[in-house]
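> Position one of the sequence shown corresponds to residue 146 (the working numbering), numbered consecutively onward.
Here a beta-carbon is modelled for each residue, glycine too, at the ideal position from N, C-alpha and C.
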Amino acid sequence: MATETQKPNRRTAPRWARWLLIRLHPSETLEEVEGDLEELYAYWYRRAGKTQAVLRYLLSVVSVLPPFVRRRRQTGSDFQRSNVHPDMIRNYFRIALRHLVKNKVYSFINIGGLALGMACCLMIALYVYDELSYDRFNANYDHIYRLVEKQKQPEGIFDVAMTPGPLAGTIARDFPEVERVCRMGRWSGLLSHGNQAVESNQMQVVDPSFFEVFSYPLLLGSPNAVFRGPDEVILSEATAVRFFGANWRQQNILGKSFKLNNDQTLMLVGVAQNPPVQSHIEFEILMPFKWLERYDEWSMKWNSNSYHTYVQLKPDDSGAPVDPTAFADKVRSQLKRYDSGNETPLLLQPLSEIYLYSDFAFETDYGRRSDIAYIRIFVTVGLIVLLIAVINFINLATARASQRAKEVGVRKSVGAQRTSLITQFLGEATLMTVLSMLLSVLLAEALLPLFNNLAGKSLHIPYQLTAFWLTISGLTAVVSLLAGLYPAFFLSSFRPISVLKTGVVGHFSSIQTGRGFRQSLVVGQFVLSITLAISTVIIYRQLSFLQTAKLGFDQSQLLYVRLKGDMRGKAQQFKTGVEQLPGVAQASVATSNLVNMNNSTLIEWEGQAPKDEFLITQINVDADFIKTAGMSLAAGRNFSTQITSDTLSKRGAYMINETAAKRMGWTPARALGKRVKFWGTEGQIIGVLKDFHFRPLHVAIQPFILRFRPKEFYFNLLVKTKPGLVARTLAGVANEYKKMKTDYPLSYGFVDQDLDAQYQSEQRIGRIILCFAILTILVSCLGLFGLTAFTAEQRTKEIGIRKVLGASVASIVTLLSRDFLKLVVMALAIASPIAWYAMNRWLENFVYRTDIQWWIFALTGMLAVGIALLTVSFQSIKAALANPVKTLRSE
C-alpha cells in the first residue's frame, strides 16, 4: 500500500523576519523577545496556519522595535519604570511571607538548615577571632619581636626559642633601631610571707623594661621604679589574694618582706594585673634579672641558652616599625660576633605569631600555645557546614519551581521584567536568611556553653561591638546571594507561553534541566559530609592508638612525687619510708618522671669515627628504677647497690637503650663492656634496655642513657601502687611526706594521666570535629528529607496509579528511594579518596600512627547510606501507604 510522504511542519519563523528583529532590536532584551516570539509563532502556526503566523510575527516584530517600545514606556506609570518602588517591595514581602506560611515544612527545613550552618560559622568565627587575638592587647604588639635560633645539631637543624643571657645587652648597644630589649626566664621556688607559702610554676625572671615593652598594668607600684635592685618581687593579682586575702587593696602591702626558698629576702614593690587570657606569657610571681645575675653566674655566659629575648623596634615617621627584614639581616650573625665559633643564626619571630606559629625543640618554648593548623581545620569545617546548608536551600528552591511557575508566567504576561522577578526571589532568599541568622544567634547562644567545654574556651557573643553586627550583616548578605542567586535566575527564566500552556504540574524542560544540577548538589553535600565523617573516625583511631600504644614501660598505677628544695637531699630517706606502706609494690628515685624527657647532651664512645656525634638523653636513677617502671633488658644486667663500681662518679657504670647501641654501631650483646664518656666521666656499659618511649609519639625513639649516681640529687620519687590501693597509698605517701618536715607542699601526679595530657590538643580537636561531622550529616539529611517529600508529592498520582495496578509498598519505596541512594553511593566513591589523602597527610605528623584500614570507608559508607535510607524511607513509605482513591480523586 502506497504511503504519502508528509512534509514536516515548519514552525520556525522565516529567516528574513528574524534577521529584521536581530538588526533592529536592542541586544540587551533581544534573547528574551526572540524566544517569546518564537513560542508565539509556533502557537499561531498550529492554530491559524503559516500565513497568519507569519503576518502576526511581523506585526509583533514591528511592535517591539525601539521607537514603539520607548513610546510605551513613556506612557507607563512610575510604578512600571521602577523595580524598587515601596509598594512593590511591600508586595514582595507579603508574597514571601505567604510562601513561608503556606509551605511550613520546607520553610522549616530551609530556615533550620541555614540557621544550623550559620550558628556553626558564628561559633567557629568566635573561636578563630579569639585565637588570632593573642598578644594583640599589647599597645606596641606590631613592633615587638622575639629572637630565636636555628641551631645545628648532629641530628639536623633545630628551631630553638631560647637565647644566651648576655645577648640582650649587645642588641641594645649595637642596634640604634631597637627601642627596648627585655629578657625573660622561667624559674621556680617557694615564696613565703609569715605563715603563708606559695610554690609557683609561673615564676618569671624579667628585665626592668618588662612593663614598658608589654602592656601588663601595675595595680600597685610604679613601672618606672620597680626592679632597680636585685632583691625585689612583684606579685600577680591572684597571688596577692593568696597571700593577703581578697581585701589586699585595703592593706598597706608595699614594702612587705618575703622569703625565697627560706633563704633570700625579697621586698614587695608591686602588684600586677593578672595576664589576660589572650597572652602567651603567663606569670604569678616576677623577680628582677639582676637577682639572677647576682646568684647565678651561669646566666651571663654565652652558652646559657635559657632565656627568651624580646626586642621592640622604634617606629618610623609614619608610626610603623622600622623595616624588620633589614633588622633581621643585621642581627642574624650577632652570636658569632660575640661568641667565637658560634655559627648559630638569629631570627625574628613577631609577637603576634608566637601563640600559633611556635614549634620549637628541646622544650625551649613554654606558656599557652596553639597551632595554626587547627585554625585552618575549624575554618574549613565551618565553611563545609554552611555550604551544605546553602546547597539545601538551592535544591529545595529549584525543586519546587513548578509551584512558582504559574506565578512567573502571569507576572511576565502582564509586563513584569526578568530583573523585577530576580529582585523578588532574591528578596525572598534574603528574608529567609535574615530569619535564619536571627535563629542562628539564638542557637549559638544556647550551644556556646557546650562548645566552650569542648574547646576549653570562655567565648561569648560580643553584642556590644559594632564589628560583630557588621560581620553578621556581611555574612547575611553573602549567604543571601549564595543561596538565592541561582534560584532567582532559574525561576525568572521560565517562558510565559510554556508555563501557562502546560500548567503547574507539567514537567517543562527548564525544571527537568535543573534536576541534574540538583543531583550534583546532593552529591556535593554528601561528599563533604562523608569526608568529614571518615576523617573523624581516623582521628579518633589515632588518638586511641596514642593512648593505648605500648610505650616500653608500665605506666599504669605509677605515681610520682616531685622532690623540691631540701627534699632532694632526703630522697633516699623518703623512699625508705614509702616502701614500708602496704599499698606500695615498688619505689624508685630518679631525676625525671618519665614524661617527655629532654635533657640531652653529646656522648663519646669506643670506636667513634671522627666528626661522628649525636645527642643522647640522660637520666639519673637508682637500682630499683627498672623494676618500678616495668622496663625490660635486651642484654646485660641492672644497676646494683652491691657492686661498688656501679655508683662511682669516675669510671662508673651506664645503661643505654637499643637505639643508642644501634647508633654507636653495636648490637645489644656487643655493647656490653664497651667504654663511653658522658659529661666528662668515662664508664662501662653494663646493660642495654629495650626501647621505650620517653617523648610523645610525634617523634621517634631517640638514644637514651641511664646512670646510677646516688650522691647526686634526685628530683622525683616513683611509686608503683598495688591494684585497688591507689587512694590508700596516696594517703600514706602524704603522711610520710609530712614526716620529712619540709616547707614545700606535696606535689604529685600520675604518669599515665600526664602522658594522656600530651595529646590534649588532638583530643579536643577530635571532639569538636565529631560534633561538626554529626551536624553536617544532620543538615544534609534535612535537605534530603525535603527533596524526598517534594518528589513524593510530585509523583502522588503516579504512585496511586501504580497501586491500583497492583504495585506493592516495597516496590514503591524502592522506586522513590533508589535514585537518592545512588547519589549517596556516588558521593561515597568521591569522598573516600579525598578523605584518605587528607588524613594521610595529617598522620604524617606522627612518627607512630595507626593504619588507614579499608573497613573505615566501608563502615562510614554503610552508616551514610543507612542514614540516607532512613531519611528517604520515611517519606517514601508515607507516600506508598497513601490511599490511591484519595490521590486519584481529582483525576
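Buried or exposed: where does glutamate 294 fall if 16 or more other Cβ atoms within 10 Å of its Cβ makes it buried?
Taking the sequence shown and counting its residues from 1, one reaches residue 294 at position 149. Buried.
> Comparing alpha-carbon positions, which option in Gln763, Thr721, Arg808 and Pro727 lies nearest asparagine 739?
The count along the sequence shown starts at 1 and reaches residue 739 at position 594. One point to set straight first is that residue 739 is leucine, not asparagine, in the sequence displayed. Closest by alpha carbon: Gln763.
> Could you check whether the stretch 798 to 816 touches the stretch 659 to 672, counting it as contact only if at least three pairs of C-beta atoms, one from each stretch, sit closer than 8 Å?
Segments in contact, no.
> Counting C-beta neighbours from all protein chains within 10 Å, is the total for tryptophan 824 16 or more, i.e. buried, or is it exposed?
As a working mapping, residue 824 is identified with position 679 in the sequence shown. When all chains shown are included, tryptophan 824 counts as exposed.
> Enumerate, from N- to C-terminal direction, the unbroken alpha helix (DSSP H) stretches of 4 or more residues contained entirely within the stretch 830 to 913.
Counting whole runs of 4 or more residues, the stretch 830 to 913 contains the alpha helix (DSSP H) stretches 871 to 884 and 896 to 902.
> Along the beta strand (DSSP E) that carries serine 333, what are the first and last residues, could you check?
Position 188 of the sequence shown, counted from the start, is the residue given in the question as residue 333. From DSSP, the beta strand (DSSP E) with serine 333 extends over 323 to 338.
> Does the count of Cβ pairs from the stretch 379 to 395 and the stretch 405 to 423 closer than 8 Å reach three?
As far as the Cβ criterion goes, the stretch 379 to 395 touches the stretch 405 to 423, which means the pair count is three or higher.
> Please name the residue in Val206, Tyr993 and Leu267 whose C-alpha comes closest to that of phenylalanine 690.
Within the sequence shown, residue 690 is the residue found at index 545, counting from 1. Of the candidates Val206, Tyr993 and Leu267, the one whose C-alpha sits nearest the C-alpha of phenylalanine 690 is Tyr993.
> Any contact between the stretch 916 to 929 and the stretch 741 to 758? By contact I mean 3 or more CB pairs, one from each, below 8 Å.
The answer is no - the stretch 741 to 758 does not touch the stretch 916 to 929, with fewer than three Cβ pairs under 8 Å.
> How many Å lie between leucine 1014 and glycine 945 at the Cα?
Taking the sequence shown and counting its residues from 1, one reaches residue 1014 at position 869. Taking the sequence shown and counting its residues from 1, one reaches residue 945 at position 800. Near 22 Å, if we compare the C-alpha coordinates of glycine 945 and leucine 1014.
> Does the beta-carbon of asparagine 255 have 16 or more other beta-carbons within 10 angstroms, so that it is buried, or is it exposed?
Here residue 255 is taken as the residue at index 110 of the sequence shown, counted from 1. Result: buried.
> Helix, strand or coil, according to DSSP, for proline 420 in the structure here?
Walking along the sequence shown from the start, residue 420 turns up at place 275. It is coil, neither helix nor strand.
> Pairs of beta-carbons, one from the stretch 873 to 892 and one from the stretch 734 to 753, closer than 8 Å: are there three or more?
No: the two stretches stay apart, fewer than three of their Cβ pairs being nearer than 8 Å.
> Report the three-state DSSP secondary structure of lysine 91 (helix, strand or coil).
Given a span of 146 to 1036 for the chain in the structure shown, any question on residue 91 remains unanswerable.
> Take every Cβ of the stretch 443 to 451, pair it with every Cβ of the stretch 303 to 319, and state whether three or more of those distances are shorter than 8 Å.
Yes: at least three Cβ pairs fall under 8 Å.
> To which residues of the same chain is arginine 873 closer than 7 Å at the C-beta, ignoring the five residues directly before and after it?
What you label residue 873 is simply residue 728 of the sequence shown in a count that begins at 1. Excluding residues within five positions, the ones whose Cβ falls inside 7 Å are Gly728.
> To the nearest whole angstrom, what separates the beta carbons of glutamate 803 and proline 813, a pair I think is in contact under 8 Å?
Reading the sequence shown from its first residue, position 658 is the one you call residue 803. Reading the sequence shown from its first residue, position 668 is the one you call residue 813. Indeed, because the Cβ distance is near 6 Å, the residues count as touching under 8 Å.
> Tell me, please, which residues DSSP counts as bridged to threonine 454.
If you number the sequence shown from 1, residue 454 lands on position 309. Answer is Leu292 and Arg328.
> Roughly how many angstroms separate the alpha carbons of leucine 704 and glycine 714, rounded to a whole number?
Counting from one through the sequence shown, the residue named residue 704 turns up at place 559. Counting from one through the sequence shown, the residue named residue 714 turns up at place 569. C-alpha separation (whole angstroms): 20 Å.
> Rounded to whole angstroms, what is the Cα-Cα separation between isoleucine 520 and leucine 870?
Start at 1 with the first residue of the sequence shown, and residue 520 comes out as number 375. Start at 1 with the first residue of the sequence shown, and residue 870 comes out as number 725. Answer to the nearest angstrom: the Cα atoms are 43 Å apart.
> Within the chosen definition, does the stretch 583 to 602 reach the stretch 262 to 273 through at least 3 CB pairs nearer than 8 Å?
Verdict: yes, contact present.
> Who are aspartate 304's beta bridge partners in DSSP?
Reading the sequence shown from its first residue, position 159 is the one you call residue 304. Aspartate 304 is bridged to Lys295.
> DSSP has methionine 800 in a bridge; who is on the other side?
Translated into the one-based positions of the sequence shown, residue 800 becomes position 655. Answer is Gly832 and Leu851, bridged to methionine 800.
> With a Cβ-Cβ cutoff of 9 Å, do valine 958 and alanine 1025 count as a contact?
In the sequence shown, the residue the question calls residue 958 occupies position 813. In the sequence shown, the residue the question calls residue 1025 occupies position 880. Yes, these two residues count as a Cβ contact at 9 Å.
> At the level of alpha carbons, what is the spacing between tryptophan 987 and phenylalanine 372?
Numbered from its first residue, the sequence shown carries residue 987 at position 842. Numbered from its first residue, the sequence shown carries residue 372 at position 227. Roughly 47 Å between the two C-alpha positions.
> May I have the straight-line CA-CA distance separating serine 345 from alanine 385, to the nearest angstrom?
For this step, residue 345 is matched to residue 200 along the sequence shown. For this step, residue 385 is matched to residue 240 along the sequence shown. Whole-angstrom Cα-Cα distance: 13 Å.
> State whether the stretch 284 to 302 contacts the stretch 485 to 500, with contact taken as three or more CB pairs (one from each stretch) at a distance under 8 Å.
Judged by Cβ distances under 8 Å, the stretch 284 to 302 makes contact with the stretch 485 to 500, as three or more pairs qualify.
> CA-CA distance, phenylalanine 653 and alanine 260?
On the sequence shown, residue 653 is found 508 positions in, with the first residue counted as 1. On the sequence shown, residue 260 is found 115 positions in, with the first residue counted as 1. Confidence at phenylalanine 653 is low in this model, with a pLDDT of 40, below 50, so the placement of that residue should be treated as unreliable; the coordinate-derived value is given next. Looking at the two C-alpha atoms, the distance is approximately 33 Å.
> Beta strand (DSSP E) containing aspartate 608: first to last residue?
As a first step, residue 608 is located in the sequence shown; it is residue number 463 there, counting from the start. The sequence shown places tyrosine at residue 608, not aspartate. Neither: tyrosine 608 is in no beta strand (DSSP E) and is coded neither H nor E.
> Pick helix, strand or coil for isoleucine 529, following the three-state DSSP scheme.
Against the sequence shown, residue 529 aligns to sequence position 384. Helix, per DSSP.
> Would you decide whether threonine 454 is buried or exposed? Buried here means 16 or more other CB atoms lie within 10 Å of its CB.
In the sequence shown, residue 454 corresponds to position 309, counting from 1. The residue is buried, with at least 16 neighbouring Cβ atoms inside 10 Å.
> Note down the Cα distance separating histidine 843 from lysine 695, rounded to an integer number of angstroms.
Indexing the sequence shown from 1 puts residue 843 at position 698. Indexing the sequence shown from 1 puts residue 695 at position 550. The straight-line gap from Cα to Cα measures roughly 14 Å.
> Look at the alpha carbon of serine 581 and the alpha carbon of alanine 628, and state the distance between them as a whole number of angstroms.
On the sequence shown, residue 581 is found 436 positions in, with the first residue counted as 1. On the sequence shown, residue 628 is found 483 positions in, with the first residue counted as 1. Taking the straight line joining both Cα atoms gives about 12 Å.
> For glycine 931, count the other beta carbons within 10 Å of its own beta carbon; 16 or more makes it buried, fewer makes it exposed. Which is it?
The count along the sequence shown starts at 1 and reaches residue 931 at position 786. Label assigned to glycine 931: buried.
> Just tell me which of Val766, Leu492, Thr470 and Phe613 has its CA closest to the CA of alanine 798.
Working through the sequence shown from its first residue, we reach residue 798 at position 653. It is Val766 whose Cα lies nearest to the Cα of alanine 798.
> Assuming phenylalanine 570 contacts alanine 633 (C-beta within less than 8 Å), just tell me the rounded distance between them.
Translated into positions along the sequence shown, residue 570 becomes position 425. Translated into positions along the sequence shown, residue 633 becomes position 488. 4 Å between Cβ atoms; contact.
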